Structure formats: structure tokens, C-alpha cells
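Counting in the UniProt record's numbering, the sequence shown runs from 1 upward without gaps.
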Amino acid sequence: MAEQKRRFKVVIDGKTYIIIGNASDAHIQAVTQLVNDELTQIKSLATTLDDEQAAVLLAINTVSDQLRLQTKLERLEKENEQLKQQLAAQN
1 MAEQKRRFKV VIDGKTYIII GNASDAHIQA VTQLVNDELT QIKSLATTLD DEQAAVLLAI
61 NTVSDQLRLQ TKLERLEKEN EQLKQQLAAQ N
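Here it is as C-alpha cells:
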């Protein structure tokens, strides 16, 4: 049976949002905290950005980080598979 989606009320950059998903409370809290921390950092470094520009920059940074981590994960999975094959060949 699929997990039931829940509604989460979060505050990001002083604005309230409703997020619907099947994540845990702890996960949503961690995501909210990270988004708020990143927005605060972006706004402190680039004080001329408006809210929308800061949000777009945060999205770009987040997707960039995700792609970098995805590439690393794929490389590690490939290395892991190669090591498994080497180990199997030794046995």
C-alpha cells in the first residue's frame, strides 16, 4: 500500500507554505531549515537581490549540487560494481 501524503505547514523566508508529501516531520524540518539558511546566506552576500532572484539563485545552486552528487553517486556505483566483479572473479 502506498504511503499516504501529508500536509506540512512551513515558514520559509518569513512566508508560510503548505507542502504535501510523504516525508517525515524530521525530513521536512531539515529541508526547511536548510532552505532558510541558504536563503539567508544568499541575501547576506548579494544584498541587491529581491526575493524572487534569491529564490532562483537558490534553485540553481541546489540543482547544481544535486547534479554533482548524482554524478558522484553514479561513479561510486560503477566502482562498487567493478569491485564486486573483481571479488567474484577471485572466488
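Virtual Cβ for every residue (Gly too), placed ideally from N, Cα, C.
Keep in mind that this is a model prediction, so the values were computed, not measured.
Asked	Found
Cβ-Cβ distance between residue 9 and residue 18 below 7 Å	yes
Member of 26, 81, 33 whose CA lies at the smallest distance from the CA of residue 13	33
Neighbour-count burial assignment, residue 73, 16 or more Cβ in a 10 Å radius	exposed
CA nearest to the CA of residue 42, picked from 30, 57, 29	57
Own chain, CB closer than 7 Å to residue 36, minus 5 neighbours either side, in chain order	12, 13
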